[in-house]
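Protein chains in written order, with the working numbering: chain A, 161 to 258; chain B, 161 to 258.
Ideal Cβ positions, reconstructed from N, Cα and C, are used throughout, including at glycine.
Reading through the structure tokens given below for one structure.
There are 2 protein chains.
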Amino acid sequence: MVYVVAELSVRPGTEAEFEAVAAELMQEVRAREPEVQLYQFTKIRGRDGVYRVIERYASEAALEKHMAEPHLRAAMEKMGPLLAARPQLEKCDPVGVA
Amino acid sequence: MVYVVAELSVRPGTEAEFEAVAAELMQEVRAREPEVQLYQFTKIRGRDGVYRVIERYASEAALEKHMAEPHLRAAMEKMGPLLAARPQLEKCDPVGVA
């Protein structure tokens with residue numbers, strides 16, 4: 161099992177469009193990728209336009225498969241122009257019993 | 161539903177002790193707090209001694225109840241001397257369907 165925690169910042173005024181793309185992506189991932197156990201965009205309180213994405217994969221292979229999915233690429237293309245900075249990604253390994 | 165994402169940094173050499181306290185805390189939370197839907201300490205790859213804690217609560221009330229739990233306070237007391245910096249906490253609200 162592996163977690164990915166990302167931070168995405170969007171340009172002011174693009175939040176609604178970004179969240180629509182995010183909602184569609186979450187729907188696609190949940191429908192098509194059973195090995196993605198958690199895939200949630202969230203808004204960080206007190207930090208306008210900054211999103212925390214929390215993801216959990218059953219295995220390293222599930223993460224690699226996700227990264228190659230057409231629906232992810234399509235969403236990244238739509239999100240690209242909305243971003244105010246490069247996404248920050250962390251891979252995290254569970255401590256103790258996951 | 162509300163997520164909490166935290167960052168905890170520990171003093172070099174205290175990782176094993178910290179992880180033992182974390183493992184015990186996760187066990188207590190999972191056993192005693194049914195409204196805590198996710199409570200996972202993780203190690204961030206590439207950042208020695210830095211932990212990402214990912215938590216999900218069924219409601220704001222469940223989060224407040226958690227913050228007052230004796231087992232959390234006991235764990236924080238044990239962890240306190242091991243920390244290299246103040247913990248960073250974020251509250252995050254799900255975008256779209258959680």
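{"query": "Please list, in chain order, all residues of the same chain as P172 (chain B) whose beta carbon is under 7 Å from its beta carbon, the five residues on each side excluded.", "result": "G209"}
{"query": "Is there a Cβ from chain A that is less than 9 Å from the Cβ of R205 (chain B)?", "result": "yes"}
{"query": "If you reduce the DSSP assignment to three classes, tell me which class P241 (chain B) lands in.", "result": "helix"}
{"query": "Three-state secondary structure (DSSP) at R233 (chain B)?", "result": "helix"}
{"query": "Pick from A:A228, A:G240 and A:S219: whose alpha carbon is nearest that of F178 (chain A)?", "result": "A:G240"}
{"query": "On a Cα-Cα basis, can you pick out the residue from B:E237, B:R192 and B:M186 that is closest to V213 (chain B)?", "result": "B:M186"}
{"query": "Who are the near neighbours of H231 (chain A) in its chain, counting only those whose CB is closer than 8 Å to its CB and skipping five residues on each side?", "result": "L185, E188, V189 and R192"}
{"query": "Since E195 (chain B) is in the beta strand (DSSP E), which residue starts that stretch and which ends it?", "result": "Where E195 (chain B) is concerned, there is no enclosing beta strand (DSSP E), given that its DSSP letter is neither H nor E."}
{"query": "Would you kindly work out how many angstroms separate the C-alpha atoms of P247 (chain B) and Q197 (chain B), rounded to a whole number?", "result": "21 Å"}
{"query": "Write down the C-beta distance between Y211 (chain B) and L168 (chain B) rounded to the nearest angstrom, noting that I regard them as a contact closer than 8 Å.", "result": "5 Å"}
{"query": "Count the other CB atoms, across all protein chains shown, that sit within 10 Å of the CB of L249 (chain B); report buried if there are 16 or more and exposed otherwise.", "result": "exposed"}
{"query": "Can you pull the chain B residues whose beta carbon is under 9 Å from the beta carbon of V165 (chain A), in chain order?", "result": "V165, T202, I204, R212 and I214"}
{"query": "Would you list, in chain order, the members of the stretch 232-258 of chain A that have their beta-carbon closer than 8 Å to a beta-carbon of chain B?", "result": "E250, K251, C252, D253, P254, V255, G256, V257 and A258"}
{"query": "Per the DSSP calculation, T202 (chain B) is bridged to which residue(s)?", "result": "A:P254 and B:R212"}
{"query": "Name the residues in the stretch 184-199 of chain B whose C-beta lies less than 9 Å from a C-beta of chain A; which are they?", "result": "E184, M186, Q187, R190 and L198"}
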